[in-house]
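Q:
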Ligand code: FAD
Ligand code: NAD
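Residue numbers (this note's numbering): 18 to 495.
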C-alpha cells in the first residue's frame, strides 16, 4: 500500500466517509482511517451515526411506535389486537441487522470508489504526517497533500452520575437494554433524552426526565417548544424542568438519584438511568502540538466558513467543529471540503440546515426562530396553521401540532419554519428547498399542494402569514 495520498481522512462517520467518496469521485487518491473495529475484527465504518446514533435510534423509535400503535391507537380505527407481546431480543436483532446492512453498504461504496481503508487510531503531526497505531501495536506513518479531521464526538459525563454501563448508561447503553426498565430516569430533556425516553416509555417504562434548564427545548421556537412539551407530557413523559442532579447511588437492584427541584432536595429510584446531557468533540489525542491545528476552550477545532483549519492543507468537518452536531451537516461539510481540495469554490449555506427530533409527532425546524428574529430587530410576518384543521391529519388521527412560517415583513422572503406534528421532518425539508431558492411565502401561496396531504398545512401557514388561510379563522392581518 502506498503511504502517500492526495487526501487522508481521519474518521469514517457521515462526515468522513461522504468526504472520502466525493474526493474519490473527483479523482483524488483517498484513504480513510478508522479506529473502531466491528465484531468481525474489521474497521467499523459509519461512525456514531450508523453504529450507535441516528440509525439504531430510529430503528427502535419505529419499532416502539408500532408497539404503541398495536397496544393502544389501533382501537380507535376499529382494529382490535389481542395478546400483544414484546420480544426485546428480536427488536434489538432487527436494529443490529439494519446497522450491519448500512455499515456493510458504506464498506462497499468505499471499495467501489477505490478508497483505501486504514485500521487504527490516527494522530496528525507536523506537515500533514499521519501516524496510525494499528491493533498489533505497530505504528505506521502516512502523509498527504490534504488531511481532513472527522473524528466526531462522544457523550459528556457528569460527576454526580458517572456511567457504569449497567445501571447508569449513555445513549449507546440506552440503545441496548435487554429488558424494558420499569422505572427509567433520564438526565437531560434534549434530543437524545426525548428520543430514547420515548422509545422506552412506549414500550412500558415509567420515564422521569430531569432537565437542568428552566425552559423546555430552549433553542427551539418558543411556541413550538411549548406545544411539544404539552404533547410529550400527555404521552406520559414526566419532564421536570430546573432539576439539578446532585448524586446517584448504585446498588445491585437500582440507582437512586438525588436532585434539587423547586427548592427541595428530592430523590428518585430507577432501574436504569440514561445520561444525555450533550456531546463533546473527540479531539483530545487527535493531533500533536506542532500540527498547526488549534481548538477552542470546549475542544472544537478552529475552522473558517469553509472548514479549513489554521494549518495549510488541514481541514476539519462534522461534530468536531462549530455548529450543529448533525449527520447531514457533517456530510455536506465533507462534500464542500472535497470540492475545495479539488479547486472549486464550494460553499455551504449554514442558514438552511434542518434539525429534527424524531419523536411522535416529530419536531423539526429550519432557519431562525420568531424570538431570535425579533431580538435582532427584524420586522417579520408570522403564519401558523394547526394540523387539527387538515383533512389528512384527521383521517390519520394525527391532529396534534402546527406549522409555523416566518418571513421578512418587507421582502416576504422566508426566514424560518418550525413544525411539530405528523411528517414534520419532511414538511420542513420542503421549506429547506424554498429557503435555498430564496422563496417568499407568496411563492408558496401560489403553488398547488396535493389534497389531502399533510403538506397542506405548509400551504395554509404560508397563506396565514398574510391573514388569508382558508380553513381557519385568521389572526388579524399583519
Ligand atoms: P462520528 O459519526 O462520531 O464519526 C467519527 C468517527 O471517527 C468514528 O467512527 C470514530 O471511531 C473515528 N475516530 C475518532 N478518532 C479517531 C482517530 N484518532 N483515528 C481514527 N478514527 C477515529 N444526527 C442526525 O443528523 N440525525 C439523527 O437522527 C441523529 N440521531 C442521533 C442519535 C444518537 C443516539 C446520537 C448519539 C447521535 C445522533 N445524531 C443524529 C448525531 C450524529 O450521529 C452525529 O452528528 C454524526 O455521527 C457526526 O458525524 P461525524 O462524522 O462528525 O462523527
Ligand atoms: P442536547 O444538547 O440536545 O440536550 C442535552 C440536555 O441536557 C439539554 O437540555 C441540557 O440543558 C441538559 N443538561 C445538561 N447538563 C445537565 C445536567 N447536569 N443535568 C440535567 N440536564 C442537563 O444533547 P443530547 O440530547 O445529549 O444530544 C447530543 C447531540 O447529538 C445533540 O446536540 C444533537 O446534535 C445530536 N443528536 C441529534 C439527533 C437528531 O438529529 N434527531 C438525535 C440525537 C442526538
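From the three backbone atoms N, C-alpha and C, an ideal C-beta is built for every residue, glycine too. None of the values given here were measured: they were computed from a predicted structure.
Does the count of Cβ pairs from the stretch 350-370 and the stretch 51-62 closer than 8 Å reach three?
A: These segments do not touch.
Q: For ligand 1, is there a heavy atom less than 8 Å away from the beta-carbon of residue 336?
A: Counted from its first residue, the chain shown places residue 336 at position 319. Yes, the Cβ of residue 336 comes within 8 Å of a heavy atom of ligand 1.
Q: Helix, strand or coil, according to DSSP, for residue 38 in the structure here?
A: Along the chain shown, one-based indexing puts residue 38 at 21. Looking at residue 38 - three-state DSSP - the assignment turns out to be helix.
Q: Taking DSSP as the reference, what is the three-state secondary structure of residue 140?
A: Sequence index remark: in the chain shown, residue 140 carries index 123 (1-based). Residue 140 falls in the strand class under three-state DSSP.
Q: For residue 61, is the beta carbon positioned less than 8 Å from some heavy atom of ligand 1?
A: As a working note, residue 61 is residue 44 in the chain shown. Flag set: Cβ of residue 61 near ligand 1.
Q: Just to confirm, is the Cβ distance from residue 489 to residue 406 under 9 Å?
A: In the chain shown, residue 489 corresponds to position 472, counting from 1. In the chain shown, residue 406 corresponds to position 389, counting from 1. Yes, these two residues count as a Cβ contact at 9 Å.
Q: How is residue 59 classed by DSSP in three states: helix, strand or coil?
A: Against the chain shown, residue 59 aligns to sequence position 42. Note: residue 59 maps to coil in three-state DSSP.
Q: Among 299, 307, 329, which residue has its Cα nearest to the Cα of residue 318?
A: By 1-based counting over the chain shown, the position of residue 318 is 301. Ranking 299, 307, 329 by Cα distance to residue 318 puts 299 first.
Q: What do you reckon, are the CB atoms on residue 160 and residue 20 nearer than 9 Å?
A: Translated into positions along the chain shown, residue 160 becomes position 143. Translated into positions along the chain shown, residue 20 becomes position 3. The answer is yes: Cβ separation under 9 Å.
Q: What does the alpha-carbon distance come out to for the pair residue 173 and residue 34?
A: Position 156 of the chain shown, counting from 1, holds the residue named residue 173. Position 17 of the chain shown, counting from 1, holds the residue named residue 34. The straight-line gap from Cα to Cα measures roughly 24 Å.
Q: CB of residue 345 to nearest heavy atom of ligand 1: below 8 Å?
A: Working through the chain shown from its first residue, we reach residue 345 at position 328. Answer for residue 345: yes, Cβ within range of ligand 1.
Q: What do you get for residue 77, buried or exposed, if any count of 16 or more other CB atoms within 10 angstroms of its CB means buried?
A: The residue labelled residue 77 in the question sits at position 60 within the chain shown. Buried, by the Cβ-count rule.
Q: Using beta-carbon positions only, say whether residue 358 and residue 43 come within less than 9 Å of one another.
A: Residue 358 sits at position 341 when you count from the first residue of the chain shown. Residue 43 sits at position 26 when you count from the first residue of the chain shown. Yes, the pair counts as a contact, with Cβ atoms nearer than the cut-off.
Q: Who does residue 421 pair with in a DSSP beta bridge?
A: By 1-based counting over the chain shown, the position of residue 421 is 404. In DSSP, residue 421 forms a bridge with 401, 435.
Q: Quick one: give me the first and last residue of the beta strand (DSSP E) that residue 160 is part of.
A: By 1-based counting over the chain shown, the position of residue 160 is 143. That run of the beta strand (DSSP E) goes 156-166.
Q: What does DSSP give as the partner residue(s) for residue 332 in the beta ladder?
A: Residue numbering aside, residue 332 sits at position 315 when the chain shown is read from its first letter. Partner(s): 165, 325.
Q: With burial defined as no fewer than 16 other Cβ atoms inside 10 Å of the residue's Cβ, what is the status of residue 435: buried or exposed?
A: By one-based count along the chain shown, residue 435 stands at place 418. By the 10 Å Cβ count, residue 435 comes out buried.
Q: Confirm, please, whether the CB-CB distance from residue 269 to residue 178 is below 9 Å.
A: Translated into the one-based positions of the chain shown, residue 178 becomes position 161. Translated into the one-based positions of the chain shown, residue 269 becomes position 252. No, they are not a contact pair.
Q: Below 8 Å, how does it come out for the stretch 226-244 and the stretch 378-390: are there three or more Cβ pairs, yes or no?
A: As far as the Cβ criterion goes, the stretch 226-244 touches the stretch 378-390, which means the pair count is three or higher.
Q: Taking the alpha carbon of residue 263 as the reference point, which residue from 149, 254, 273, 256 has its own alpha carbon closest?
A: Locating residue 263 in the chain shown gives position 246, where the first residue counts as 1. Minimum Cα distance to residue 263 is reached at 273.
Q: Extract the residue ranges of the alpha helix (DSSP H) inside the stretch 73-154, only unbroken runs of 4 or more that lie entirely within it.
A: Runs found: 105-129.
Q: DSSP three-state label for residue 227, please.
A: Counting from 1 along the chain shown, the entry for residue 227 is found at position 210. Correct three-state label for residue 227: strand.
Q: Is the beta carbon of residue 293 closer than 9 Å to that of residue 170?
A: The residue labelled residue 170 in the question sits at position 153 within the chain shown. The residue labelled residue 293 in the question sits at position 276 within the chain shown. For residue 170 and residue 293, no; Cβs fall outside 9 Å.
Q: One question on the structure: do residue 328 and residue 312 come within less than 9 Å of each other, judged by their Cβ atoms?
A: Walking along the chain shown from the start, residue 328 turns up at place 311. Walking along the chain shown from the start, residue 312 turns up at place 295. No, they are not a contact pair.
Q: Quick check on residue 290: does DSSP put it in helix, strand or coil?
A: Position 273 of the chain shown holds residue 290. Here residue 290 sits in strand by DSSP.
Q: Would you report the Cα separation of residue 470 and residue 410, rounded to the nearest angstrom?
A: Locating residue 470 in the chain shown gives position 453, counting from the first residue. Locating residue 410 in the chain shown gives position 393, counting from the first residue. Approximately 8 Å between the Cα atoms of the pair.
Q: Leaving out five residues before and five after residue 18 in sequence, what residues of the same chain have Cβ atoms less than 7 Å from its Cβ?
A: Taking the first residue of the chain shown as position 1, residue 18 is located at position 1. Taken in chain order, the residues that qualify are 133.
Q: Assign residue 298 to one of three DSSP states: helix, strand, or coil.
A: Numbered from its first residue, the chain shown carries residue 298 at position 281. Here residue 298 sits in strand by DSSP.
Q: Indicate whether residue 167 and residue 30 have their beta-carbon atoms separated by less than 9 Å.
A: The residue you call residue 167 lines up with position 150 of the chain shown. The residue you call residue 30 lines up with position 13 of the chain shown. In this structure, residue 30 lies closer than 9 Å to residue 167 by Cβ.
Q: Can you tell me which of the three DSSP states residue 381 falls into?
A: Counting from one through the chain shown, the residue named residue 381 turns up at place 364. If DSSP states are grouped into helix, strand and coil, residue 381 belongs with the strands.
Q: Quick one: using the 10 Å Cβ neighbour count with 16 as the cut-off for buried, is residue 246 buried or exposed?
A: Counting from 1 along the chain shown, the entry for residue 246 is found at position 229. Residue 246 is buried by the Cβ-count criterion.
Q: Could you spell out where the beta strand (DSSP E) holding residue 22 opens and where it closes?
A: Numbered from its first residue, the chain shown carries residue 22 at position 5. 21-27 is the span of the beta strand (DSSP E), which, as asked, contains residue 22.
Q: In the DSSP assignment, find the alpha helix (DSSP H) that holds residue 482 and state where it starts and stops.
A: Locating residue 482 in the chain shown gives position 465, counting from the first residue. Residues 473-482.
Q: Can you pull the DSSP bridge partners for residue 199?
A: What you label residue 199 is simply residue 182 of the chain shown in a count that begins at 1. Paired residues: none, contrary to the question.
Q: How long is the line joining the alpha carbons of residue 253 and residue 244, rounded to whole angstroms?
A: Working through the chain shown from its first residue, we reach residue 253 at position 236. Working through the chain shown from its first residue, we reach residue 244 at position 227. When rounded, the distance between both Cα atoms is 15 Å.
Q: Does the stretch 457-475 come close enough to the stretch 423-443 that 3 or more CB-CB pairs lie under 8 Å?
A: Result yes; three or more Cβ-Cβ pairs closer than 8 Å.
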